[in-house]
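Numbering (the numbering used here), first residue to last: 2 to 124.
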């Protein structure tokens, strides 16, 4: 997921920065499956079910973000049964959209921020 340029002082002072990504999986037809996502490499303090996710420049500077399973960005895509996304396999590739958001007004030094989330598909 690529968010693009974030500016917590001007452009994103009162507006979140949103992005999307896709997960494509092929599961056996009729098989129940679930996709979960871990907290990422730089998780903040909080629940592992609905983690606080952070990107970093590698210099102990963090930019908080979150990933969601719904376009309204209200349901955090987490790392447990209740917070994962369940679906039924069709035997063909299926695409699920991941919705990301960086909250407004975060004041962080300029730099290239990144994180790595592990996506797990269980069926």
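Just so you know, even glycine gets a beta-carbon here, dropped at the ideal spot from N, CA and C.
DSSP bridge partner residues for residue i (one or two, in chain order)
| i | result |
| --- | --- |
| residue 74 | Residue 74 is not bridged to any residue. |
| residue 19 | 102 |
| residue 35 | 87, 123 |
Closest residue to residue i among the options (Cα-Cα distance)
| i | options | result |
| --- | --- | --- |
| residue 109 | 7, 3, 71 | 7 |
| residue 13 | 114, 120, 104 | 104 |
| residue 57 | 23, 22, 79, 66 | 66 |
| residue 80 | 40, 21, 11 | 40 |
Cβ-based burial, residue i [other Cβ within 10 Å; buried from 16]
| i | result |
| --- | --- |
| residue 59 | exposed |
| residue 124 | exposed |
| residue 72 | exposed |
Chain D within 8 Å of residue i, Cβ atoms only
| i | result |
| --- | --- |
| residue 73 | Here chain D cannot be found, since the structure has a single protein chain. |
Helix, strand or coil at residue i according to DSSP, with G and I counted as helix
| i | result |
| --- | --- |
| residue 57 | strand |
| residue 118 | coil |
Practice problem: At 3 residues or longer, and completely inside the stretch 85-114: list those beta strand (DSSP E) runs for me, N to C. | Solution: 86-89, 95-103
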